[in-house]
Amino acid sequence: MRFDLSDGFPAVTTKKVHWPSIIHELLWFLSGDTNVSYLQENKVRIWNEWADEDGNLGPVYGKQWRKWEADDGTVVDQIENAIGLIKNNPNSRRIIVSAWNVGELDEMALMPCHAFFQFYVNDGKLSCQLYQRSADAFLGVPFNISSYSLLTCMMAQVCDLEPGEFVWTGGDCHLYLNHLDQAREQIGRVPLELPALRLDPDVKSIDDFSYEKIEILDYNHHPHISAPISV
């Protein structure tokens, strides 16, 4: 799926997506945190099923994005590396962030579903393509599309670029049996006009974004459709 980020922000409108959860989870990833305490403090419960009794998840997304440990002990900040390439070598074909660290997969409470993404710069615009190895069509995919579209817009701003496209690619795409009725209800609804995204224009560093500096405008949507998370 391909989304032109200049045509509105890709938040699904045929059901309500919990926007605070999208923002807080992305900020949590970007902080390098892997304990659910921050999420729970902000009423985000989507990771609770996988956390241990102390709230730890092992070396999941935040660890790999910001603190990937090389064999020689070097700590790699993939997000900062990507920003550096976007700014200084925008034609690079290596502007990539991977959460799929094969050496630490067994230590993760949940292996990465959205595992690998690449940035592309063209004509003053920043685009991003995500590969999602495991795609929960009803709950996960709409959430992840909005999350990575938001990340693309944030990265574009700190790199003095305009948002381009977000491209979503799925591997194992599936609809769980206990989501069938909910999916039938959703596809019977008429999509509404997409909302807009507003980022605080004063933010110049990816680490300076906070919840208050990210806002979705005119998000009109159909009612929420409840569905269980399949663990």
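First residue of the sequence shown? That's 193 in my numbering, and the numbers climb one at a time after it.
Each residue gets a CB set at the ideal place from its N, CA and C atoms; glycine is no exception.
Computed from a prediction, not measured in an experiment: that's the story for all the values here.
Which word fits residue 300, buried or exposed, when buried means at least 16 other C-beta atoms lie within 10 angstroms of its C-beta? Classification for residue 300: buried.
Please name the residue or residues paired with residue 320 in a DSSP beta bridge. Residue 320 pairs with 311 and 358.
Taking just the CA atoms, how far does residue 356 sit from residue 383? Straight-line measurement puts the Cα of residue 356 at about 23 Å from the Cα of residue 383.
Nearest to residue 338 (by Cα), restricted to the options 359, 354 and 352: Ranking 359, 354 and 352 by Cα distance to residue 338 puts 359 first.
Assumed close pair residue 281, residue 248 - CB separation to whole angstroms, cut-off 8 Å: Approximately 36 Å separates the beta-carbon atoms of residue 281 and residue 248; this is outside 8 Å, ruling out the contact.
Classification of residue 207 by the beta-carbon crowding that lies within 10 angstroms, buried from 16 upward: The residue is buried, with at least 16 neighbouring Cβ atoms inside 10 Å.
Under 9 Å between the Cβ atoms of residue 201 and residue 388? Going by C-beta atoms, residue 201 is nearer than 9 Å to residue 388.
On the CB-based measure, 16 or more other CB atoms within 10 Å of its CB, does residue 409 come out buried or exposed? Exposed is the call here.
Does the region 283 to 299 come within contact of the region 231 to 240, defined as at least 3 CB pairs closer than 8 Å? Because the criterion of three Cβ pairs below 8 Å is not met, the region 283 to 299 and the region 231 to 240 do not touch.
Quick one: measure Cβ to Cβ for residue 381 and residue 416, integer angstroms, because I've assumed they're closer than 8 Å. About 12 Å; that fails the 8 Å criterion.
For a quick check, are the C-beta atoms of residue 307 and residue 290 less than 9 Å apart? Taking a C-beta distance under 9 Å as the contact criterion, residue 307 and residue 290 qualify as a contact pair.
Indicate the three-state DSSP secondary structure (helix, strand or coil) for residue 285 in the structure shown. Reduced to three states, the DSSP call for residue 285 is coil.
How big is the Cα-Cα spacing for residue 252 and residue 244? For residue 252 and residue 244, the distance between alpha carbons rounds to 13 Å.
Go ahead and pull the three-state DSSP assignment for residue 292. Correct three-state label for residue 292: coil.
Would you mind reading off the limits of the alpha helix (DSSP H) that contains residue 246? Premise fails: residue 246 is in no alpha helix (DSSP H) and is neither H nor E.
So, with DSSP's three-state summary, where would you put residue 421? Coil.
In this structure, what does DSSP give as the bridge partners for residue 365? Answer by DSSP bridge pairing, in chain order: 327.
Are the beta-carbon atoms of residue 258 and residue 275 separated by less than 9 Å? Note that the C-beta distance between residue 258 and residue 275 is not below 9 Å.
Within the continuous beta strand (DSSP E) that includes residue 195, where are the two ends? Segment 194 to 196, the beta strand (DSSP E) holding residue 195.
Specify, as a first and last residue, the run of the beta strand (DSSP E) that residue 404 falls within. Here residue 404 belongs to no beta strand (DSSP E), and DSSP marks it neither H nor E.
DSSP beta-bridge partners for residue 220? Looking at the DSSP output, residue 220 sits in no beta bridge, so it has no partner there.
Tell me which same chain residues have a C-beta within less than 7 Å of the C-beta of residue 292, skipping the five on either side of it? Excluding residues within five positions, the ones whose Cβ falls inside 7 Å are 304, 307 and 308.
Would you say residue 316 and residue 353 are within 9 Å of each other, going by their C-beta atoms? For residue 316 and residue 353, yes; Cβs fall inside 9 Å.
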